[in-house]
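Worksheet: the structure to be examined is printed underneath.
Residue numbers (the working numbering), protein chains in the order written: chain A, 1 to 227; chain B, 1001 to 1202.
Spelled out as structure tokens, the structure:
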């Protein structure tokens, strides 16, 4: 059993698949042959290294969003989205979806074409809009116009509020702490602008008549400055 | 509060998971069914995409392309008996097609400093003793050389050795994904290992 034999059988030997007698013969050879022992050690090391070869983790959110992106990029679904988004749509603003996030255990009613949040008089509730962006968008402007009788906590009696913001690839959450002061509600309009492009999203805020004031059960999302 | 940036990325898994009722206004049964069918396969498919392309961005693009193209046919997916190898084959074929189209010869991040992600599990497997900083650096360098050596292999040999020795695919599984006959897979595997040993010894 010589050096050539080991070279031919190296893989099978390392895999432990050689018949007993042949393996014993090679073991014998290895005891006396430095070159072959060296070769065996190198092969074992190679296998070890290959086995440990790392796989990079996917980007944050990638796996969670992948199927949704697959559906959003399908043309018929894109048409549905465009209809749902409403307003004038300029091509190219890379917002792939805008959605109303669910609140705790409560389900929001999705009417046939507009997302609806049902609140009661004097209620305060944090509603979250999620803007799904395919890419980073710097220096966008966000304009939120509130329905009559509804204000945003911390913004006094203002009916529209404007922000400058940047969006990251993936989900970008806009928490809006709505306060129902009076009235029967109406449409909340969120308009995201970047350069000369914009997307608009409407949420119907329906105010149910209810004599008992209730407080929203969802804690406000803490705000942090994005990197 | 009003003028500062208030939009930030939501923690993943929060707002917009399918089935949450989060996506207004369209009730999304199709998305839900699709997600249910493919989600158990996603991690394995991502790893396959990573082994084929050598880097994260390309792996994500490849996987996304495949899923997007499959979404239209999501109803078919439920009738496929062995979804895992079937999806693997679809992904592999798309990889081959795009590599051919783009004449992509290089694997991974060749040409740039290779970033090797050293984690404890890897160190445990590769370091004989408690790894000090010298050992870490040495292993990192060794892994870097291996990646360069893999880069120098032809794509057919690289795919086989990675799927078998890095991912633990059997010969039959490699045959199912690549369409290459088992005998050819075996000989490519032996040749790939021999070539890697040559490259690493030099």
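Using N, Cα and C, we set each Cβ at its ideal position, and we do this for glycine too. The model shown is predicted, which means the values in this text are computed figures rather than measured ones.
Test item: CB-CB of residue i and residue j under 8 Å
| i | j | result |
| --- | --- | --- |
| residue 1173 of chain B | residue 1047 of chain B | no |
| residue 142 of chain A | residue 192 of chain A | yes |
| residue 63 of chain A | residue 1042 of chain B | yes |
| residue 1200 of chain B | residue 1136 of chain B | no |
| residue 140 of chain A | residue 160 of chain A | no |
| residue 180 of chain A | residue 207 of chain A | yes |
| residue 15 of chain A | residue 1193 of chain B | no |
| residue 1045 of chain B | residue 1091 of chain B | yes |
| residue 173 of chain A | residue 117 of chain A | no |
| residue 18 of chain A | residue 39 of chain A | no |
| residue 1064 of chain B | residue 69 of chain A | yes |
| residue 66 of chain A | residue 1087 of chain B | no |
| residue 1163 of chain B | residue 1094 of chain B | no |
| residue 124 of chain A | residue 157 of chain A | no |
Chain-ordered chain B contacts of residue i [CB-CB under 7 Å]
| i | result |
| --- | --- |
| residue 35 of chain A | Here the premise fails: no neighbours, minimum Cβ distance about 12 Å. |
| residue 55 of chain A | 1047 and 1050 |
Under 7 Å by beta carbon: chain A residues contacting residue i
| i | result |
| --- | --- |
| residue 1060 of chain B | 58, 59 and 62 |
| residue 1197 of chain B | 42, 43 and 46 |
| residue 1165 of chain B | 47, 50 and 51 |
Sheet register partners of residue i (DSSP bridge)
| i | result |
| --- | --- |
| residue 1223 of chain B | Outside the displayed range of chain B (1001 to 1202) lies residue 1223 of chain B, so it cannot be described from this structure. |
| residue 208 of chain A | A:120 |
| residue 160 of chain A | A:145 |
| residue 187 of chain A | A:204 |
| residue 1164 of chain B | Answer is none; residue 1164 of chain B lacks a bridge partner. |
| residue 197 of chain A | A:194 |
| residue 177 of chain A | A:126 |
| residue 150 of chain A | A:180 |
| residue 1068 of chain B | Partner(s): none; residue 1068 of chain B has no beta bridge. |
9 Å Cβ cut-off: residues of chain A touching residue i
| i | result |
| --- | --- |
| residue 1161 of chain B | 50 |
| residue 1175 of chain B | Those do not exist, as residue 1175 of chain B stays about 18 Å from chain A at its closest Cβ, beyond 9 Å. |
Within chain B, partners of residue i - CB distance below 8 Å
| i | result |
| --- | --- |
| residue 11 of chain A | 1189, 1190 and 1193 |
| residue 67 of chain A | 1018, 1031, 1034, 1035, 1038, 1039, 1067 and 1071 |
Chain A residues whose Cβ lies nearer than 8 Å to that of residue i
| i | result |
| --- | --- |
| residue 1200 of chain B | 42 and 46 |
| residue 1042 of chain B | 63 and 66 |
| residue 1063 of chain B | 66 |
| residue 1158 of chain B | Residues of chain A passing the Cβ test: none, with the nearest at roughly 11 Å. |
| residue 1126 of chain B | 48, 49 and 52 |
Min CB distance residue i to chain C below 8 Å
| i | result |
| --- | --- |
| residue 1140 of chain B | The structure shown contains no chain C; its protein chains are A and B. |
Give the residues from the segment 1131-1147 of chain B that approach chain A closer than 7 Å (Cβ to any Cβ), ordered along the chain. Contacts with chain A (Cβ-Cβ distance below 7 Å) from the segment 1131-1147 of chain B involve 1142, 1143 and 1146, listed in chain order.
For the segment 1179-1196 of chain B against the segment 1156-1163 of chain B, are there 3 or more C-beta pairs whose distance is under 8 Å? The segment 1179-1196 of chain B vs the segment 1156-1163 of chain B: in contact.
Any contact of the segment 28-46 of chain A with the segment 1033-1052 of chain B, i.e. 3+ C-beta pairs under 8 Å? With the cut-off at 8 Å, the segment 28-46 of chain A and the segment 1033-1052 of chain B do not touch.
Is it a yes or a no for the segment 54-74 of chain A touching the segment 1059-1072 of chain B, going by three-plus beta-carbon pairs under 8 Å? At 8 Å Cβ cutoff, the stretches touch.
Taking a Cβ distance cut-off of 8 Å, strictly less, list which residues of the segment 1070-1101 of chain B are near chain A, in chain order. Residues 1070, 1071 and 1072.
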